[in-house]
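Residue numbers (this note's numbering), protein chains in the order written: chain A, 1 to 672; chain B, 1001 to 1686.
Below, the structure is given as structure tokens:
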């Protein structure tokens, strides 16, 4: 927001006059130019106060826009399509302006570029639903006209344009009323300027904004790979600004604009400017170098799968498309290039080809043998790609045939360490449907990028699955230490001693809690020292504890878990905490146990998400009191630490005093 | 080597004043430092950070700003509302000009070095022209509504940024009008503070203004549009100071939490031409407020309430591993504050505004190395002599016999006669000092206490005859024609025949006191003299320089002694040369003519000229007594330097008699205990 910024200057025209063209700055002379009443040109600079008294030129034709970029003189584009340099125009303001475009053709949009130090002007016109692009080269004074073909979607109306330029092409991006962004490549050097040429547009991003937005749709190109779009993503939702990575087809970031916008968006010097409500909002945005990792990091799940235009598996060393996704009538330059390479490479990979064909037809048993054979082979350069393709193939077949579930195969493939969640999101989905906790545990251990919603779905299954069905599974027990042994040894130990941790609960002011707890001392001891879940479930829950998450994304999903499961999980976490505090290092035994921080974070998360529900449950009451005491004990530990620090400082002082032997002494020194 | 009884004295209750400003001069590589008591010190960074010059403080003169102008002229301004220029040759204040704007909070020299700008309590910004011998008021800028706490010139000299309370103004120098007013956010961690004080501003050549404020922020402003560009919250407390490197590729800020942050202009990605300011390194060398920072080409310099001057080299800018590559923490003055009467075992301590006279205790016990002996008599505080007036004491001295005390402030010289009757002392001031004895930079009594030598700030050396309770002016050695260089160090031979005097720029003159004429001048050396003394009997002058070289010059022969030549040929041990505090006192053993005793702040050393010099392979410092090694091995490994590092920080050490030493220590903890408590930071918990 720029509310705390003040305008550096402000000028206004006389009443009755209407500004018909946005004011621009002539960077060469540091002057401003504006047009009012279509034909009257005004030029002034910072020192001028009254716009009425500044330079004025009345032109013979109506002006559409004045265009100015750094390093060249401004251009004046007339409504009839003619273009003049400002200097030439001012030399003879009343000169005759020719008509370039036909009757009823209206200029919709224009942009001015510098290409190889030569100015290039592009403007788009519309006539009866047909669009035309004109490209004016100033070094050769060539005007080229193109007809824009809208493709199959003939009825759509183009709402907004933006363009970026590289060495050979102007990439014209248009946002259509169907909510999709299309790209049209216009050559800078026309092949045959005389002929009327046609241009085909290709789909760049699907359904970026809702089709029936009333107002406030705009897009602007930020760099080669990023565009910013203003508009509402769904019909009912609030308007929002989103930045898309067009290279990887991902949403980079988005920001809601609840007060509405006006469909105007500019990008200048790494700042996005837009109108938001009644104020001008400036959002600094810098496009990072587009990378796959960066794109995946912000990938929103549960998005329209239609946006995944790119093939999913790309082996960057040996590019090879896998034949998924969009491959129909796409004209995109980028995809064409890749397909060419693909064609040339395909005959070189027979083993994987064989494997893929096996997947599609053979029995589970046979597939398993084939997969094992392939894995036993030395890792080929296209190993990653083949694994990815295999998994996708298997999953496709799983979806098609409900009875087909090659579990062993999938387990083996996961253990190759080359898969990740984003490569095969279906895998966990199917495992969730099949309630295959063993596979889910493996995924949780292996995949670094599981979205929070899926983690939470796993947690739900881990908590709800029956003990008897757990018995049959073969989950990895590595993270679970057999607590039952220690339970016997330490049953005698008082719980208060476990809690002590540097402070004594005798001082505890929560006397009524204590009383209540003391009512059922045996029960409590039992609860706190025996594991509330069976070891197999504990192993599964530990996998959840180990998984990475972001609090903000996890919290909403945690609210969906039933209250009794939350209590069970909390009990288990509390149990782990008690086990942790039993030894001095505050760690759990075992090979790969959950850490104290993970335990504490999850306790906090669960309570944050479900406190209102849990607090109403009578059976959770004691647990909550225990947790309350736990937190209290932690606070006391910290306050005790602070006290100890002070005491230590005093001791240090005493120690120093002992060392410095007073202010005066006589000592013996012998020098050797 | 010898066994000594050491009087280990820790009751010298000296607390240096906090550092208020530092100003770095790139041309001369000198650093001016002002302290809260008004003292101004000049450090020569090329001469191993030696404190070359100092101007004594004044109670009413709180220096708030310090800067170097063209021609290495040093100016200060303070809360008494005056701008002062310092005479770096004669070591006095050239003049003081009242600016009539109330207390001055800030001052900045124009990039050309010819104009001086001050910011005052009443909100005025005043421009002064620096003329060859004075400064002249030129005009006022637009008056602001509150005090101007910081000022910075644009490198082109056309604009000035001024930090005030809650806002920063940008002035056009030509018109003197404020063209922008940039409001600083008062919010501090979401809480609105009462006021936001802009403690420092820096104007970069691209028009960026960097501000530091009491809300803990470092902010970047665009001075062309008057808008905030970027904000870094770096501290929970005030950010009090800022200094920018000359290349404008790095700057340093100091906070009230004692942290110094280094910001650097680094490329956004490697090989990219686009750069941004990044906070790169935090340094925590201070416990208290960092009131001031400076940025030399190779180091970050900071100082504050905890009285340390810290020079932190930027390792990437240091090419050779030498003095410049080490972190420096300068706490104690590089001059003596203590003198000693050997005959009566008295110590005279010099403070800013008083002197203390102490008598050492005694013991009858004996012991072995390291023993603390039981005292039969403790040390006594005999005298507390307070100065009159607001001026700080420059120097003081007690005669060897203990019957004379002399000290001097900027405007007055005091001489006292002491009488001892059993345990009582009576003090009598010698009145009617002659007018030429007004301001002494150094005072020295001859060994037999019959003569008083005074180095005045006009460059003259006065010899005064003392007898009974009266004195008589004998002679004045006038400085060589054309120079007004003040003499800072004096040494007299024990027979009273020779007087050596050294100035600030490395020249030692030796005078014949009997014939009252200049005897010779010791060949000039590049580094300033830090201490010197004349050995009894041989009349060899031993001179220590700030680069840790020690020379021995025979006064009768007018040449360096053979030993000194040998030392120079072989060179000192590398560890000796790497010490970072200067030798501040040299003395001799009355019975062992081959021994030279010297000390710096961290070690005490006896050089035995009869033993071979250590080379770089031998162990210079060996604290452990030799075990049952054969005599042969001992003799082979023995070398001339006998060093003890038991006493530190060591402010003074001297030989009282053949077997007794006195060592005055000032532990840093005792100083810290007397400072105001630092901002408390939580260590544990939420």
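Here a beta-carbon is modelled for each residue, glycine too, at the ideal position from N, C-alpha and C.
From a predicted model like this one, the values you see are computed outputs, not experimental measurements.
For residue 1352 of chain B, the CB contacts under 7 Å within the same chain, skipping 5 residues up- and downstream, are 1037, 1057, 1392, 1393 in chain order. Under the DSSP assignment, residue 1257 of chain B falls outside any beta strand (DSSP E); it carries neither an H nor an E label. The beta-carbon of residue 1008 of chain B is placed less than 8 Å from the nearest beta-carbon of chain A. Residue 1006 of chain B has its alpha-carbon roughly 16 Å from the corresponding atom of residue 1012 of chain B. Taken in chain order, the members of the stretch 1378-1392 of chain B whose beta-carbon sits within less than 8 Å of a beta-carbon on chain A are 1378, 1379. Residue 376 of chain A and residue 454 of chain A have their C-alpha atoms spaced approximately 32 Å apart. Between residue 1355 of chain B and residue 1420 of chain B, the C-beta spacing is not below 8 Å. In the DSSP assignment, residue 1569 of chain B falls within the unbroken alpha helix (DSSP H) covering 1562-1570. Using a CB distance cut-off of 8 Å, residue 1158 of chain B does not count as an interface residue toward chain A. Within the same chain, Cβ atoms closer than 6 Å to the Cβ of residue 428 of chain A are found at 443, 454, the five residues on either side in sequence being excluded. When secondary structure is reduced to three states using DSSP, residue 1535 of chain B falls in the coil class, being assigned neither helix nor strand. Residue-level contact check: residue 666 of chain A touches chain B, since one or more beta carbons of chain B fall below 8 Å from its beta carbon. Residue nearest to residue 1199 of chain B within the set B/1004, B/1208, B/1215 is B/1215 (criterion: CA-CA distance).
In terms of Cβ geometry, residue 1655 of chain B and residue 1665 of chain B do not form a close pair [threshold 8 Å].
When rounded, the separation of the alpha-carbon atoms in residue 1657 of chain B and residue 1050 of chain B is 31 Å.
Burial is judged here by how many other beta carbons sit within 10 angstroms of a residue's own beta carbon; residue 1095 of chain B has fewer than 16 and is exposed.
Assigned with DSSP and collapsed to three states, residue 614 of chain A falls in helix. The three-state reading of DSSP puts residue 1603 of chain B in coil, since its state is none of H, G, I, E or B. Excluding the 5 residues flanking it on each side, residue 370 of chain A has same chain C-beta neighbours closer than 6 Å at 355, 358, in chain order. Residues of chain B whose Cβ lies closer than 9 Å to the Cβ of residue 354 of chain A do not exist, since the nearest Cβ in that chain is about 44 Å away. Pairing residue 229 of chain A with residue 43 of chain A, the inter-Cα distance amounts to about 33 Å. With a threshold of 16 other beta carbon atoms within 10 Å, residue 360 of chain A falls short and is exposed. Apart from the 5 residues on each side of it in sequence, residue 1350 of chain B sits with its Cβ closer than 6 Å to the Cβ of 1337, 1393, 1396 in its chain, given in chain order.
Under a criterion of Cβ atoms nearer than 9 Å, the residues of chain B adjacent to residue 670 of chain A are, in order, 1001, 1002, 1003, 1004, 1368, 1369, 1370, 1625. Rounded to whole angstroms, residue 1480 of chain B and residue 1130 of chain B show a C-alpha spacing of 29 Å.
Contact check for residue 1348 of chain B against residue 1425 of chain B fails: the beta carbons are separated by 8 Å or more. Boundaries for residue 247 of chain A: no beta strand (DSSP E) harbours it, and the DSSP string shows neither H nor E there.
Given a length threshold of 3 residues, each whole run of the beta strand (DSSP E) inside the stretch 1145-1227 of chain B is given here in chain order: 1150-1153, 1159-1163, 1167-1172, 1178-1183, 1198-1203, 1208-1213, 1217-1222.
Within the same chain, Cβ atoms closer than 8 Å to the Cβ of residue 397 of chain A are found at 359, 360, 404, the five residues on either side in sequence being excluded. For residue 397 of chain A, there is no enclosing beta strand (DSSP E); the enclosing alpha helix (DSSP H) has its first and last residue at 383-400. Proximity of residue 1596 of chain B to chain A, defined by a Cβ-Cβ separation below 8 Å, is not satisfied. Minimum Cα-Cα distance from residue 1238 of chain B among the listed residues B/1227, B/1258, B/1231, B/1245 corresponds to B/1258. Secondary structure of residue 1511 of chain B (DSSP, three-state): strand. Less than 8 Å divides the Cβ of residue 1052 of chain B from the Cβ of residue 1042 of chain B. Cβ proximity to chain A below 7 Å picks out 1361, 1363, 1367 from the stretch 1356-1367 of chain B. Relative to the Cα of residue 1660 of chain B, the nearest Cα in the group A/654, A/669, A/656, A/663 belongs to A/669.
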